Amino acid sequence: MKFSVDEFRAWKHKCVTLLGMSGVGKTYLSAMLRRYDWFHYSGDYRIGTRYLDEPILDLIKAQAMREPFLRELLRRDWIAIRNNIKVTDLGPVLSFVGKLGNPELGGLPLEEFSRRQALYRSAEIAAMLDVPDFVRKAQDIYSYAHLVNDVGGSLCELDEPRVIDMLAKHSLILYIRVPEADEIKLIQRAQADPKPLYYRPEFLQVAVKDYLALKGLDYVAEIEPDDFTRWVFPRLFHSRVPRYEAIARPHGYTVSSEDVARVRDEQDFLALIESAIAHSETA
537 MKFSVDEFRA
547 WKHKCVTLLG
557 MSGVGKTYLS
567 AMLRRYDWFH
577 YSGDYRIGTR
587 YLDEPILDLI
597 KAQAMREPFL
607 RELLRRDWIA
617 IRNNIKVTDL
627 GPVLSFVGKL
637 GNPELGGLPL
647 EEFSRRQALY
657 RSAEIAAMLD
667 VPDFVRKAQD
677 IYSYAHLVND
687 VGGSLCELDE
697 PRVIDMLAKH
707 SLILYIRVPE
717 ADEIKLIQRA
727 QADPKPLYYR
737 PEFLQVAVKD
747 YLALKGLDYV
757 AEIEPDDFTR
767 WVFPRLFHSR
777 VPRYEAIARP
787 HGYTVSSEDV
797 ARVRDEQDFL
807 ALIESAIAHS
817 ETA
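Residue 537 is where the sequence shown starts when you use the working numbering, and the numbers rise one by one after that.
The following block contains the structure:
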């Protein structure tokens with residue numbers, strides 16, 4: 537959606553999609569807005585509790601079946617396993633996505649890693665296409681006036697135009713850009729605690745080839761998972777920036793992560809959006 541400042545102020549039931557890399561403040565803003573009558577729609581929470589719930593449980597059960605004691609309990613239906621995913625703790629989703637590399641170091645073979653990546657992509661698409669339904673549910677069932685759509689950093693990687701078209705139709709897209717001066721800090725934070733990530737298949741293919749050549753390795757099974765994740769993150773970050781911008785230019789508005797860090801309440805957040813709208817009108 538595109539607005540004038542007055543149109544945005546008059547929008548009775550606001551829906552804002554927060555776009556950007558992990559670590560730029562999307563979840564910070566979403567958690568803050570929950571205190572001000574905003575429904576927090578977390579894309580990864582929806583993925584984990586709806587679209588990857590069964591694959592995650594299958595993975596856990598497969599591991600449990602390797603233990604004779606648990607195997608017998610599961611086969612007799614004497615125990616049940618369920619996910620306990622929270623908006624603030626998406627550990628099961630990250631564990632399912634996993635990291636590429638040596639299985640003895642907790643990594644996944646390329647074929648299995650690629651299978652899970654494909655499942656995650658399909659789940660993220662489905663979760664985003666659910667947004668209009670949750671806009672309605674937020675109002676009709678939960679009595680929230682507004683909705684904030686906290687999307688994963690991989691949204692720009694999906695190469696699924698209907699998702700962007702739908703989000704642009706039903707929400708104001710706010711891209712949180714990382715200023716050049718802060719890029720190093722964000723990359724260093726990500727490298728200090730390497731987490732599972734989604735990669736476009738073409739990007740992953742080139743990255744693996746380059747990493748193997750750089751390290752003098754012959755096989756993916758020789759890759760140290762955390763080392764690869766640290767090495768690949770800066771490449772991933774810089775490959776995503778133009779993709780975010782290609783979404784924001786025609787469909788949304790741009791603010792900086794520095795501006796987001798100064799937001800303390802709903803009034804600050806709305807003022808930030810109004811400033812972004814006003815800037816786009818004069819640009």
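Ideal placement from N, C-alpha and C gives every residue a C-beta, glycine not left out. Note that the coordinates shown come from a computational prediction; the quantities given were computed from them, not determined experimentally.
Anticipated Cβ contact below 8 Å, residue i with residue j, distance rounded
| i | j | result |
| --- | --- | --- |
| residue 780 | residue 692 | 5 Å |
| residue 712 | residue 631 | Going by Cβ atoms, the distance from residue 712 to residue 631 rounds to 26 Å, so no, they are not a contact pair. |
| residue 681 | residue 573 | 5 Å |
Environment of residue i [buried if 16+ CB atoms lie within 10 Å]
| i | result |
| --- | --- |
| residue 614 | exposed |
| residue 745 | exposed |
| residue 568 | buried |
| residue 611 | exposed |
| residue 557 | buried |
| residue 489 | Nothing can be reported for residue 489, as the shown portion of the chain is limited to 537 through 819. |
| residue 670 | buried |
| residue 550 | buried |
| residue 653 | buried |
| residue 656 | buried |
| residue 697 | exposed |
| residue 787 | buried |
| residue 689 | buried |
Own chain partners of residue i with C-beta closer than 6 Å, once the 5 adjacent residues on each side are dropped
| i | result |
| --- | --- |
| residue 812 | 789 and 791 |
| residue 784 | 711 and 790 |
| residue 766 | 727 and 730 |
| residue 649 | 636 |
For residue i, the nearest candidate out of the options (CA to CA)
| i | options | result |
| --- | --- | --- |
| residue 775 | 800, 735, 749 and 751 | 735 |
| residue 772 | 727, 794 and 753 | 727 |
| residue 580 | 545, 716, 805 and 667 | 667 |
| residue 646 | 634, 677 and 656 | 634 |
| residue 800 | 767, 570, 552 and 609 | 570 |
| residue 714 | 538, 555, 605 and 543 | 555 |
| residue 782 | 665, 749, 701 and 723 | 701 |
| residue 741 | 723, 768 and 717 | 768 |
Proximal residues to residue i (C-beta, below 8 Å), its chain only, five neighbours per side dropped
| i | result |
| --- | --- |
| residue 540 | 813 and 817 |
| residue 607 | 600 and 601 |
| residue 651 | none |
Cut-off 7 Å between Cβ atoms - residues of its own chain near residue i, not counting five sequence neighbours on either side
| i | result |
| --- | --- |
| residue 589 | 619 |
| residue 683 | 551, 574, 575, 577, 670, 671 and 674 |
_Three-pair Cβ contact test at 8 Å for the segment 702-714 versus the segment 582-589_ = No, the segment 702-714 is not in contact with the segment 582-589.
*Would you say the segment 655-672 touches the segment 740-754, given that touching needs at least three Cβ pairs under 8 Å?*
In short, these stretches do not touch, since the Cβ pair count stays below three.
*Does the segment 627-639 come within contact of the segment 750-763, defined as at least 3 CB pairs closer than 8 Å?*
Verdict: yes, contact present.
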